[in-house]
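Notes follow the structure.
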Amino acid sequence: MDKFLYFRTVADVDGDDGAAGSATQLTSVCFPAKNIMSIAPASDTTLQIRYVPLKNGRVTGGTTNDEVLTDTVTLTVNTHTHKNVVDALVAAINSNKLYNDGFIDVVDTVTTNLANAAVDAIFFHSDITGVSGYTSDTNATGIAVAEALS
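Positions in the sequence shown are counted from 1; adding 14 to them yields the numbering used here.
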């Protein structure tokens, strides 16, 4: 079964339209786990997950055609806990018993549901503290735009 990783960064589910509400606010994104290209620390407290671009698929671009286009989700994590998060994520993706519906909710910061009731935010692993950014390929020329998530 295919697995999918989900990231949402709004407090109220009414604000989740899955699209950029403004130039700097993307509300949610879901990637097939099979499209992960790499997972690596970006700093002491950030972990980048790079994917095959949702919009352009497996393409290269730019003037030399050597640039590989990717979409990136940057997670914030507790200092130097990258390996803990990666190990748990890989285990969940590879497990046939965990997440048997194929949906892995990595970060969901919603605290108000459709009925306006309070709900708990979801963090896949206790060392994940949030999402600090999402970078999306915008075209097949190798140019990407960073959309900061709050």
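In this text, a Cβ means the ideal position worked out from N, Cα and C, and glycines have one as well.
Using the C-alpha atoms, what's the distance from V100 back to Q39? Confidence in Q39 is poor, its pLDDT being 46 and thus under 50, which makes the residue's placement too unreliable to answer from.
Going straight from the alpha carbon of T143 to that of T90, what length do you get? 5 Å
Helix, strand or coil at G116 [DSSP, three-state]: coil
Short Cβ contact (8 Å threshold) for V121 with V133: no
Is R64 near the ligand ADP, judged by its Cβ being under 7 Å from some heavy atom? In the structure shown, the ligand ADP is absent, as is every other ligand, since no ligand is present at all.
How about L2 and P67: do their beta carbons lie closer than 8 Å? No answer is possible for residue 2: the residues shown for the chain start at 15 and end at 164.
Kindly indicate which three-state DSSP category D26 falls into: helix, strand or coil? strand
Inter-residue Cα distance where the pair is T88 and A102: 17 Å
Nearest-angstrom Cα distance between T86 and I63? 6 Å
Ordered along the chain, which non-local residues of its own chain (more than five positions away) have a Cβ less than 6 Å from that of F45? L19, Y65
Once the 5 residues before and after V27 are set aside, which same chain residues still bring their CB inside 7 Å of it? V124, T126, N127, L128
Straight-line Cα distance separating I136 from S150: 23 Å
Rounded to whole angstroms, what's the CA-CA distance from H96 to T59? Just pull it up for me. 8 Å
Neighbourhood of L112 by C-beta distance below 8 Å, restricted to the same chain and skipping five residues each side: A105, A106
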